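Reviewing the structure listed below.
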Amino acid sequence: MNNDQNIDVIRKRLIYRAWHRGTREMDMLIGGFAKSHVPEFSSDELSEFENILNMPDQDLYDWYSGRKQIPENQSGNVMKQFLKHRFSA
């Protein structure tokens, strides 16, 4: 498998994970974002998105809804795109 095929497999896996979080709300929020953005992500952005997917749903929802401030170490480019996505969804 070449590098492009590997990245395509990673993209498909991340999109699947985004749509199967465990709560319907997060499935819709993160799944919708993944569907729109993951196909264009670089390998670094894919890695950052995978880290986001490893975070607890409650933390992500609190950050997304503005209930809690995002920790500085979590406010990367992909997280910023995710937060912008809420206004365009």
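According to our numbering, the stretch in the sequence shown is residues 3 to 91, in order. Where is the CB? At the ideal position from N, CA and C, for every residue including glycine. Bear in mind that the values here come from a model prediction, so they are computed numbers and not experimental data.
(1) Counting beta carbon pairs with one atom in the segment 31 to 41 and one in the segment 3 to 18, are three or more of them shorter than 8 Å?
(2) Between which residues of its own chain and Met28 is the CB-CB distance below 6 Å, once the five residues before and five after are set aside?
(3) For the alpha helix (DSSP H) containing Met30, list its first residue and its last residue.
(4) Where do the ends of the alpha helix (DSSP H) carrying Gln76 lie?
(5) Among residues of its own chain, excluding the 5 on either side of Lys70, which ones have a beta-carbon nearer than 8 Å to its beta-carbon?
In this structure, then:
(1) yes
(2) Asp59
(3) 26 to 39
(4) From DSSP, Gln76 is part of no alpha helix (DSSP H); its letter is neither H nor E.
(5) Cβ within range, chain order: Asp61, Asp64.
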